[in-house]
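Encoded as structure tokens, the structure appears first; notes follow it.
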Amino acid sequence: MATTDALETLRVRRDGAVLSADIWAPPMNLLGPELVRDLVSLLQHAEADASLRVLVFRSADPDYFIAHVDVERIAAYRQEAARLAGEPSIGLLFRHLSASRLVTIAQVAGRARGAGSEFALACDMRFAARESAIFAQPEQAFGLAPGAGGIQHLVRLMGRGRALEALLSADDFDADLAEHYGWINRAVPAAALDAFVTALAQRIAGLPAGARGLLKERVDAIALAPVSEFRRDSDLFLEASRDSDAKRAMQNATRRGFQTREGELELGHVIADLLAR
Amino acid sequence: MATTDALETLRVRRDGAVLSADIWAPPMNLLGPELVRDLVSLLQHAEADASLRVLVFRSADPDYFIAHVDVERIAAYRQEAARLAGEPSIGLLFRHLSASRLVTIAQVAGRARGAGSEFALACDMRFAARESAIFAQPEQAFGLAPGAGGIQHLVRLMGRGRALEALLSADDFDADLAEHYGWINRAVPAAALDAFVTALAQRIAGLPAGARGLLKERVDAIALAPVSEFRRDSDLFLEASRDSDAKRAMQNATRRGFQTREGELELGHVIADLLAR
Amino acid sequence: MATTDALETLRVRRDGAVLSADIWAPPMNLLGPELVRDLVSLLQHAEADASLRVLVFRSADPDYFIAHVDVERIAAYRQEAARLAGEPSIGLLFRHLSASRLVTIAQVAGRARGAGSEFALACDMRFAARESAIFAQPEQAFGLAPGAGGIQHLVRLMGRGRALEALLSADDFDADLAEHYGWINRAVPAAALDAFVTALAQRIAGLPAGARGLLKERVDAIALAPVSEFRRDSDLFLEASRDSDAKRAMQNATRRGFQTREGELELGHVIADLLAR
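Protein chains in written order, with the numbering used here: chain G, 575 to 851; chain H, 575 to 851; chain Z, 575 to 851.
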């Protein structure tokens with residue numbers, strides 16, 4: 575597997591038709607240019623290998639699945655997405671992932687906030703460790719709106735009221751509440767999660783692939799928002815992130831512990847403090 | 575706050591950027607011309623005050639949030655809505671509320687039936703007292719269909735099967751079942767509800783407002799039905815309410831305790847008796 | 575009730591405005607030409623009888639609600655549907671059922687897989703025995719995609735992630751998980767199910783019928799997919815079922831116990847074994 579050996583931020587292993595990728599971008603799995611670059615390479619590799627059917631995403635960091643984007647390198651990570659999405663947008667990259675012929679499963683332990691949540695939402699299914707998984711779309715705290723598909727997916731999965739609660743509060747949701755609201759398929763006890771996801775991935779991979787692409791197409795015709803809506807959210811995020819208020823909010827937060835491993839463990843609780851002028 | 579001091583049926587208090595309105599239209603918080611008039615005034619006031627960000631609706635009556643419309647004054651309350659909605663329709667008034675730049679939260683204790691449920695559904699979020707809140711769309715019992723957005727919201731929030739159950743049965747749903755079906759965001763123990771909603775309202779109000787309007791627009795582009803659909807339901811309700819069968823059903827029910835405080839406590843259970851010819 | 579006396583596979587009884595049909599097509603309630611023929615006759619009879627308002631579907635077999643289609647008689651059962659649907663398609667027949675002026679309730683005990691699940695999904699509401707009901711869309715195991723509305727309904731009821739889990743895994747879902755995901759309205763203890771559904775059916779039948787058709791129309795304008803989408807899924811199923819791989823998979827499975835009463839009790843668990851080359 576030459577093309578995946580070179581990945582810096584993904585530890586890949588194959589078991590039959592299932593490819594598992596453990597995210598490992600210390601110190602906290604920020605979605606920066608390196609991780610986006612590697613996700614693009616992995617996808618290109620996997621989609622080109624007709625013997626692969628299922629992709630499972632895990633994290634090698636027990637506290638962070640994907641923390642969120644690296645707010646200091648927005649232009650750079652967006653550019654890496656263009657290689658596969660055709661445009662500098664992780665929203666469009668994530669939509670490409672959703673529309674892939676591959677079946678994708680997010681196995682989430684630890685924190686999945688912002689684009690980390692949106693990456694999980696872009697996968698076909700999401701299963702999370704009941705004791706440790708945390709989901710959030712904290713963009714509003716910085717005067718931003720989610721730009722990588724979070725709005726498109728959350729509103730369709732949980733309805734207007736619950737999506738507005740999650741999006742406007744910018745708060746942390748634990749796995750049980752995320753399951754209750756439909757953010758994820760199921761919360762599973764951490765000790766059982768790996769076996770559960772592995773069995774499901776192998777089961778799906780073992781069934782005939784004949785109508786799988788067709789099935790996903792029919793589902794996505796109903797439930798996957800068109801490219802234009804993902805592009806619009808992506809553009810609005812980029813535009814707002816260049817606003818001086820948003821920049822100041824991100825700088826203030828970063829000075830106080832945002833984008834640090836310790837500083838974000840309880841981000842939902844401390845986010846207001848991080849923003850103090 | 576000159577404009578809200580004059581309100582007869584709403585007791586308003588302000589805490590920072592959060593405005594709370596307690597509904598108080600004795601004897602049972604019917605949605606009649608006075609309450610609609612005051613809701614219009616409140617909204618006009620609040621939307622014009624740039625320092626306000628969040629509106630919380632509560633009831634001062636522990637048994638009734640909003641009972642439903644005053645069936646004896648349909649033309650009059652509709653006319654009051656025209657001042658803000660541009661047309662005599664509470665469905666269009668409620669849609670205006672949903673599309674407002676203000677974040678709106680319904681804190682429901684007691685009964686929210688018919689237009690009371692629809693008012694809560696028009697708010698951005700709904701939290702209800704586990705022990706006392708009751709939701710219903712009883713229109714079918716009178717040969718009517720909900721005309722103020724109930725169909726539009728319930729089908730999108732809970733799907734076809736559960737919405738049809740609620741709409742066709744005209745029955746009462748307690749807070750737990752309403753939460754389970756997605757009618758509300760969450761059922762919260764009554765003793766904890768006020769603190770929960772207050773904290774959420776203050777949290778939202780304290781975050782930067784920069785992208786809030788944009789976020790609501792993007793959400794509503796997905797999940798808020800167009801004006802034309804609200805208008806159609808509203809017109810159909812008005813038309814059906816003029817039908818002689820519906821009029822007779824409402825008159826019979828009123829003679830037997832409908833539109834009285836005691837007579838509606840268990841409306842879901844007794845509604846068939848109220849309709850006897 | 576001359577027209578329903580002649581039904582071979584449906585045992586019909588009437589109680590006021592409620593007509594109940596118990597499915598009885600031994601040995602396992604396969605959906606073959608006889609059952610489709612009788613469902614068409616029942617619907618034609620019931621829709622023509624203005625005094626009927628509610629249709630309840632039950633099974634006389636405690637282990638099977640409807641097992642799935644008879645894979646050896648696909649052309650024949652499709653042809654029977656044409657009598658009511660105008661085209662040889664049970665997907666279009668089921669959509670006709672959904673759009674009927676009659677209120678339809680599926681009371682599910684035992685297994686409802688494939689078209690059995692899709693028939694329940696086509697009803698206005700679904701209530702299932704907590705201890706015995708099992709739902710599945712096993713089509714992917716044969717290289718097929720559901721062709722009778724399962725995709726259209728499941729995605730709208732449970733969202734993209736959970737629908738993909740159910741559709742791609744082809745696995746069995748018990749009543750509690752089906753309720754949690756929104757596949758059904760509620761799981762009810764088996765001992766209480768009949769009384770629950772009977773009371774609901776009689777309640778609905780006892781309310782004025784004036785606005786009932788209008789209400790269903792307004793709901794379906796939001797949540798019932800257009801005929802063209804049902805037709806497309808139906809055509810794709812037929813096409814794929816003629817593929818040599820799918821035929822071989824069905825033949826292999828049938829040799830090993832598929833389409834037998836005993837062989838399908840735990841179909842979700844044994845389906846991979848049934849497919850062995």
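No residue lacks a Cβ here, since even glycine has one placed at the ideal position from N, Cα and C. All of these numbers come straight from a predicted model, not from anything done at the bench.
Neighbour-count burial assignment, Ser818(Z), 16 or more Cβ in a 10 Å radius: exposed
Within a Cβ cutoff of 6 angstroms, which residues of the same chain sit near Met602(G), ignoring the five residues on either side of it in sequence? In its chain, beyond the 5 residues on either side, Tyr638, Ala641, Arg835 have a beta carbon closer than 6 angstroms to the beta carbon of Met602(G).
Excluding the 5 residues preceding and the 5 following Val628(Z) in the sequence, name in chain order all residues of the same chain whose CB lies nearer than 6 angstroms to its CB. Val592, Val677, Ala775, Ile778, Ala779
Mind checking the stretch 757-789 of chain H against chain G and listing, in chain order, the residues whose C-beta falls within less than 8 angstroms of any C-beta there? Ile758, Asn759, Leu774, Arg777, Ile778, Gly780, Leu781, Pro782, Ala783, Gly784, Ala785, Arg786, Leu788, Leu789
Check each residue of the stretch 739-754 of chain H: if its Cβ is closer than 8 angstroms to any Cβ of chain Z, include it; give the result in chain order. If the cut-off is 8 angstroms between Cβ atoms, the stretch 739-754 of chain H has Glu739, Leu741, Leu742, Ser743, Ala744, Asp745 near chain Z.
If distances are taken between C-alpha atoms only, which option among Leu738(Z), Gly665(Z), Lys821(Z) comes closest to Phe716(Z)? Lys821(Z)
Apply the 10 Å Cβ neighbour rule to Glu646(G) and answer buried if 16 or more other Cβ atoms are within range, or exposed otherwise. exposed
Check the DSSP bridge columns for Asp864(Z) and list the partner residues they point to. Here chain Z has residues from 575 to 851 only, and residue 864(Z) is not among them.
Close Cβ partners of Arg652(G) (< 7 angstroms) along its chain, the five nearest in sequence each way excluded: Pro662, Ser663, Ile664
Given Ala737(G) as reference, the closest of Ala769(H), Ala814(H), Ala599(H), Val793(H) once Cα atoms are compared: Val793(H)
Distance CB(Leu666(G))-CB(Ala659(G)) smaller than 8 angstroms: For the pair Leu666(G) and Ala659(G), the CB atoms are nearer than the 8 angstroms cut-off.
Give the straight-line distance between the Cα atoms of Phe770(G) and Ala761(G), rounded to the nearest whole angstrom. 11 angstroms
Please determine, among Ala650(H), His670(H), Leu605(H), the residue with the shortest C-alpha to C-alpha distance to Glu621(H). His670(H)
Output yes or no for whether 8 angstroms exceeds the beta carbon distance between Gln726(H) and Phe804(H). yes
Ala827(H) to Leu841(H), Cα distance in whole Å? Cα-Cα distance, rounded: 11 angstroms.
List, in order along the chain, the chain H residues whose C-beta lies closer than 9 angstroms to that of Ile796(Z)? Ile725, Gln726, Val729, Arg730, Arg734, Ala737, Ala799, Glu803
Please report the straight-line C-alpha distance between Gln711(H) and Asp623(H), rounded to a whole angstrom. Approximately 34 angstroms between the Cα atoms of the pair.
Bridge partner(s) assigned by DSSP for Phe747(G): Phe709(G), per the DSSP bridge assignment.
Helix, strand or coil: how does DSSP classify Val793(H) here? helix
On the CB-based measure, 16 or more other CB atoms within 10 Å of its CB, does Asp854(Z) come out buried or exposed? The structure shown does not extend to residue 854(Z), since chain Z is modelled only from 575 through 851, so no value can be given for it.
Taking Arg669(G) as the query, report the chain Z residues whose CB atoms sit under 8 angstroms from its CB, ordered along the chain. Here the premise fails: no neighbours, minimum Cβ distance about 12 angstroms.
Beta-carbon separation (whole angstroms), Pro720(H) vs Leu741(H), contact threshold 8 angstroms: 7 angstroms
On the DSSP bridge list, what partners appear for Ile572(G)? Summary: the structure shown does not reach residue 572(G), with chain G confined to residues 575 through 851, and so no result is reported for it.
Phe832(Z) versus Leu849(Z) - alpha carbon distance: About 10 angstroms.
Might you give, ordered along the chain, the residues of its own chain that have their beta carbon closer than 7 angstroms to the beta carbon of Asp746(H), omitting 5 neighbours on each side? Ile708, Ala710, Leu841, Gly842
Under 8 angstroms between C-beta atoms, does Gln825(H) make it to chain Z? no
With a threshold of 7 angstroms on Cβ separation, who are the neighbours of Leu581(G) within its own chain once the five nearest residues in sequence on each side are excluded? Asp612, Ser615, Leu616
So what does DSSP say about Leu677(H), is it helix, strand or coil? As written in the sequence, residue 677(H) is Val, which differs from the Leu given in the question. Val677(H) falls in the strand class under three-state DSSP.
Measure the C-alpha to C-alpha separation of Ala576(G) and Gly723(G) and round it to an integer number of angstroms. Note that Ala576(G) scores a pLDDT of 45, beneath 50, so its modelled location is shaky and nothing firm can be said.
I'd like the list of long-range same chain contacts for Ile845(H), defined as Cβ closer than 7 angstroms, with 5 residues on each side in sequence excluded. Taken in chain order, the residues that qualify are Pro712, Ala715, Ala744.
Own chain residues within Cβ distance below 7 angstroms of Arg587(Z), not counting five before or after: Ser594
So, Val729(G) versus Ile796(H), is the Cβ gap smaller than 8 angstroms? At a Cβ-Cβ threshold of 8 angstroms, Val729(G) and Ile796(H) count as neighbours.
What residues in its chain sit with their C-beta under 6 angstroms from that of Met824(Z), if we drop five residues either side in the sequence? Val645, Phe716
Distance, Cα to Cα, Ala702(Z) vs Thr772(H)? 39 angstroms
So Arg700(G) contacts chain B; which residues on that side make the cut at Cβ distance below 9 angstroms? Considering every chain present, this structure includes no chain B. Its protein chains are G, H and Z.
Residue environment, Arg829(G), which counts as buried when at least 16 other CB atoms sit within 10 Å: exposed
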